[in-house]
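Below is one structure, written out as structure tokens; comments come after it.
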Amino acid sequence: MAKHPEIPRWKSLLWPTLEAVKALGGSGSIQEIERKVAQLIGATEAQQAVPHGEGRYTEINYRLAWCRTYLKGVGLLTSAGRGVWAITEQGRHATPADMEKVEGYYRNLRKARRQAELADAEQAGDGGIDGAGEEIGGDWRDELLKRLLALTPERFEHLAKRLLREAGFVQVEVTGRSRDEGIDGTGIYRPSLVSFPVFFQCKRYRGSVGSAKVRDFRGAMSGRGDQGLLITTGTFTADAKAEASRPGAPLVDLIDGDGLCDLMKDYQLGLKVTTRTVEDVELLPEFFDHI
Numbered sequence: 019m020a021k022h023p024e025i026p027r028w029k030s031l032l033w034p035t036l037e038a039v040k041a042l043g044g045s046g047s048i049q050e051i052e053r054k055v056a057q058l059i060g061a062t063e064a065q066q067a068v069p070h071g072e073g074r075y076t077e078i079n080y081r082l083a084w085c086r087t088y089l090k091g092v093g094l095l096t097s098a099g100r101g102v103w104a105i106t107e108q109g110r111h112a113t114p115a116d117m118e119k120v121e122g123y124y125r126n127l128r129k130a131r132r133q134a135e136l137a138d139a140e141q142a143g144d145g146g147i148d149g150a151g152e153e154i155g156g157d158w159r160d161e162l163l164k165r166l167l168a169l170t171p172e173r174f175e176h177l178a179k180r181l182l183r184e185a186g187f188v189q190v191e192v193t194g195r196s197r198d199e200g201i202d203g204t205g206i207y208r209p210s211l212v213s214f215p216v217f218f219q220c221k222r223y224r225g226s227v228g229s230a231k232v233r234d235f236r237g238a239m240s241g242r243g244d245q246g247l248l249i250t251t252g253t254f255t256a257d258a259k260a261e262a263s264r265p266g267a268p269l270v271d272l273i274d275g276d277g278l279c280d281l282m283k284d285y286q287l288g289l290k291v292t293t294r295t296v297e298d299v300e301l302l303p304e305f306f307d308h309i
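Just so we're aligned, residue 19 is where the sequence shown starts under the numbering used here, counting upward by one.
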């Protein structure tokens, strides 16, 4: 069994994570931050491709997620929206030396918070709280990706065909077993009055798709079209993302495992989405004073 390359410890990634958000102008999406961190630390594609267990994350994804959690917990980062992180004023003035204190400070804050929650629960006669803690992963996406990985290549391609049709593509065709030199299918995207052909390729991966796969796919498109769509159950390395949007080359849009799951949820393909409304009832004493 091939030995995976060594990955930097998560503590050593705290400062690069903070520096990445600064370099992005003070805020960035998770993918932008991860890409910038990879650049800052000089992570190779082999390092970026190391999977974390059997889940959908790579080891670097997983460690950077913990970095964001800790930096947010001590007030150096904040979540500014869905998947968007921003640096705080305190974070702007932090130094590399401060990173040595982050873990201890974070754990002390959590301990104090938990003691306060336990005290509140005891006072309310609640008998305690669930101390499950903050975990990464383990949600419906993991179960969905397991099912997708269990599909045959042909069924996965036809799932992509159905998804593209739901998203507004017409004349979607799967090339099938011919492989068509690396192209799994074609379709015409018609967002409004104009339309253009799109070539797509599907990869059922547990790990990361590297830049070479993007270049190969673009090569298969050469002379046939300028728009490609690469879909995977895994992730894309920072180099693959950079290659996909390289200036002067045909654009290749990327849909990773998380993005694929979100699209399937949006179009409710293989998923049933139930929205629950929580009723909040408040007593208005003044009503009874004047009845």
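Ideal Cβ placement from N, Cα and C applies to all residues, glycine included.
Computed from a predicted model, the values in this text were never measured in an experiment.
| field | As assigned by DSSP and simplified to three states, the class of tyrosine 80 | value | In this structure, tyrosine 80 counts as helix in the three-state DSSP scheme.
| request: For the alpha helix (DSSP H) holding isoleucine 59, just list the boundary residues, first then last. | output: Start and end: 48-59.
| message | Quick check on tyrosine 207: does DSSP put it in helix, strand or coil? | response | Judged by DSSP in its simplified three-state form, tyrosine 207 adopts strand.
| field | Straight-line Cα distance separating arginine 222 from leucine 94 | value | Take the alpha-carbon of leucine 94 and the one of arginine 222: they are about 37 Å apart.
| said: Once the 5 residues before and after glutamate 50 are set aside, which same chain residues still bring their CB inside 6 Å of it? | reply: Excluding positions up to five away in sequence, the list reads Leu42.
| So, helix, strand or coil for valine 120, using DSSP? | Three-state DSSP puts valine 120 in a helix.
| So, helix, strand or coil for proline 34, using DSSP? | Correct three-state label for proline 34: helix.
| said: Please identify the residue among Gln65, Trp28, Glu304 whose C-alpha is closest to the C-alpha of glycine 228. | reply: The residue from Gln65, Trp28, Glu304 with its alpha-carbon nearest to that of glycine 228 is Gln65.
| said: For the structure I just gave you, are there three or more beta carbon pairs, one from the region 233-252 and one from the region 210-221, closer than 8 Å? | reply: The region 233-252 vs the region 210-221: in contact.
| query | Over what stretch of residues does the alpha helix (DSSP H) that includes tryptophan 158 continue unbroken? | reply | Taken as a continuous stretch (DSSP letters only), the alpha helix (DSSP H) holding tryptophan 158 covers 158-167.
| request: For chain B, find out if any of its Cβ atoms is closer than 8 Å to the Cβ of glutamate 191; answer yes or no. | output: Among the chains in the structure shown there is no chain B, since it carries only a single protein chain.
| Test item: CB-CB of valine 68 and threonine 62 under 8 Å | Result no, Cβ atoms of valine 68 and threonine 62 do not sit closer than 8 Å.
| So what's lysine 290 in DSSP terms, helix, strand or just coil? | Coil at lysine 290, not helix or strand.
| Identified DSSP bridge partners for isoleucine 249 | Per DSSP, Cys220, Ile273.
| message | Considering only their Cβ atoms, is the gap separating leucine 287 from arginine 180 smaller than 8 Å? | response | Inclusion of arginine 180 and leucine 287 in the CB contact set at 8 Å is warranted, their separation being smaller than that value.
| message | Below 8 Å on the Cβ atoms is my contact criterion, and I expect glycine 203 with glutamate 175 to pass it. Report the Cβ-Cβ distance as a whole number of Å. | response | Confirmed, about 6 Å.
| Residues sharing a beta bridge with serine 226, DSSP | For serine 226, the beta-bridge partners assigned by DSSP are Thr253.
| field | alanine 258 in three-state terms, based on DSSP | value | Helix at alanine 258.
| Can you tell me where the beta strand (DSSP E) with glutamate 297 in it begins and where it stops? | Segment: none, glutamate 297 is in no beta strand (DSSP E) and carries neither H nor E.
| request: Report the three-state DSSP secondary structure of proline 26 (helix, strand or coil). | output: In the three-state scheme derived from DSSP, where H, G and I count as helix and E and B as strand, proline 26 is classed as coil.
| message | Excluding the 5 residues flanking arginine 264 on each side, which residues of the same chain have their C-beta closer than 8 Å to its C-beta? | response | Apart from the 5 residues on each side of it in sequence, arginine 264 has no Cβ closer than 8 Å to any other Cβ in its chain.
| field | Presumed contact (8 Å Cβ cut-off) between tyrosine 88 and valine 39, rounded CB distance | value | Not quite, the Cβ-Cβ distance comes to about 14 Å (not below 8 Å), so this is no contact.
| query | With respect to the alpha helix (DSSP H) encompassing alanine 178, which residues constitute its N-terminal and C-terminal limits? | reply | In the DSSP assignment, alanine 178 falls within the alpha helix (DSSP H) that extends over 171-184.
| message | proline 268 and aspartate 244 - do their beta-carbons sit closer together than 8 Å? | response | Proline 268 is positioned such that its CB atom lies closer than 8 Å to that of aspartate 244.
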